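Please read the structure below before turning to the comments.
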Amino acid sequence: MVTESTEAVIEQLGDSALSEIYALRDDFARFMMPYKFAIDEVMTKISILREEFAALHSENPIEHVNSRLKSTESVLEKVARKGIAPSYQAIRTTITDIAGIRVVCSFVSDVYRVFDALTAQSDVRVIEVKDYIANPKPNGYKSLHAIIEIPVFLSDGPVPVTVEVQLRTVAMDFWASLEHKIYYKYDADVPAEMLAGLHDAADVAAELDSKMEELHRQVRRDTRRV
Numbered sequence: 001m002v003t004e005s006t007e008a009v010i011e012q013l014g015d016s017a018l019s020e021i022y023a024l025r026d027d028f029a030r031f032m033m034p035y036k037f038a039i040d041e042v043m044t045k046i047s048i049l050r051e052e053f054a055a056l057h058s059e060n061p062i063e064h065v066n067s068r069l070k071s072t073e074s075v076l077e078k079v080a081r082k083g084i085a086p087s088y089q090a091i092r093t094t095i096t097d098i099a100g101i102r103v104v105c106s107f108v109s110d111v112y113r114v115f116d117a118l119t120a121q122s123d124v125r126v127i128e129v130k131d132y133i134a135n136p137k138p139n140g141y142k143s144l145h146a147i148i149e150i151p152v153f154l155s156d157g158p159v160p161v162t163v164e165v166q167l168r169t170v171a172m173d174f175w176a177s178l179e180h181k182i183y184y185k186y187d188a189d190v191p192a193e194m195l196a197g198l199h200d201a202a203d204v205a206a207e208l209d210s211k212m213e214e215l216h217r218q219v220r221r222d223t224r225r226v
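Residues in the sequence shown are numbered from 1 upward in steps of one, following the UniProt record's numbering.
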C-alpha cells in the first residue's frame with residue numbers, strides 16, 4: 001500500500017520513470033526477500049555473541065537488539081526522491097539501509113567491542129563505517145553506523161546483501177528516540193529553542209555515558225583484585 005505522500009513524490013517523475021517504478025513495485029516481494037533473510041542471519045550472529053559473552057565472560061554487553069526491514073513504499077519513495085535509476089541493481093547499490101539492525105549496548109566500550117566481534121567474522125565484509133560517537137552530528141546525535149555485506153544462501157546460490165547495523169549505548173538510544181518523536185511531531189520544522197534543548201540533552205547523555213564507563217572500569221578493577 002503506497003501512501004498519498006509517496007504517490008505525490010513518485011508522480012513528479014516523467015512517464016517513463018513512473019512506469020518503471022510501478023513495474024518494480026509489482027515484483028518487489030521477491031526483491032526484498034534476501035534482505036529479510038540477511039536480517040535473520042545477522043540477528044543469529046548477534047544472538048550467538050550475546051550467549052558467548054554471558055557464558056564465557058560473565059557479562060553481556062548487549063542490552064537489546066531491534067531489526068527493521070524498509071517497507072516497499074519507503075524504498076520506492078527514496079528511489080523517487082533521490083532520483084535513483086528504477087532498477088533492482090541501482091537500488092541494491094545505492095540504498096544500503098533496506099535491512100537495518102540496531103544494537104543497544106551498556107557502555108561505549110561495549111559498542112566497539114561488539115562491532116569488532118561482529119565484523120571479525122569471515123563472512124562479514126565491512127563496506128563503510130561512520131563513527132558518530134567519535135564525531136557526533138551537529139545536533140548531538142551519536143551512534144556507530146556500519147554498512148556490512150553478508151552472503152545469503154538461496155536455492156540458486158549465494159547472494160551478497162547489505163545490512164546497516166547501528167550500535168549505540170542506552171543513553172544514546174534514549175536521546176535518538178526522543179529526537180525522532182520531536183521531529184515527527186513538528187514535521188521536521190522544530191523550533192530553535194527545542195533544537196538547543198536537544199543539543200544540551202545530548203551533552204548530558206554523553207556525560208552520563210562517560211561517568212557510567214568510569215564506574216564500570218572501577219568495578220572491573222575491583223573484581224580482579226578479589
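Just so it is clear, CB atoms sit at the ideal spot from N, CA and C, and this is done for glycine as well. The structure displayed is predicted, hence computed values, not measured ones.
Any idea what DSSP makes of residue i, helix, strand or coil?
i: T96; result: coil
i: F107; result: coil
i: S210; result: helix
i: V2; result: Only weak support exists for where V2 lies, its pLDDT of 48 falling under 50; the value from the coordinates is given anyway. Three-state result, V2: coil.
i: H57; result: coil
i: G157; result: strand
i: Q166; result: strand
Is the beta carbon of residue j closer than 9 Å to that of residue i?
i: V129; j: P61; result: no
i: M33; j: I101; result: no
i: T169; j: S106; result: yes
i: A206; j: A171; result: yes
i: K78; j: A99; result: no
i: H180; j: S109; result: no
i: Y35; j: V161; result: yes
i: I127; j: A38; result: no
i: V111; j: L167; result: yes
i: V159; j: E41; result: no
i: I46; j: L144; result: no
i: K124; j: V65; result: The displayed chain sequence assigns Val, not Lys, to residue 124. No, the pair does not count as a contact, with Cβ atoms beyond the cut-off.
i: A202; j: W175; result: yes
i: F31; j: Y88; result: yes
Would the beta-carbon of residue i be found less than 8 Å away from any heavy atom of the ligand COA?
i: S71; result: Ligands in the displayed structure: none, and consequently the ligand COA is not present.
What first and last residue would you give for the beta strand (DSSP E) that runs through residue i?
i: D131; result: R125 to D131
i: P151; result: L144 to L154
Kindly indicate the opening and closing residues of the alpha helix (DSSP H) around residue i.
i: V170; result: V170 to K185
Suppose only complete runs of 4+ residues qualify. What are the alpha helix (DSSP H) ranges in the segment 60-91, listed by chain order? Here the runs fully enclosed are 72-81.
Meets three-Cβ-pair contact criterion under 8 Å: the segment 123-143 and the segment 74-94: Counting C-beta pairs closer than 8 Å gives fewer than three between the segment 123-143 and the segment 74-94, which falls short of the contact rule.
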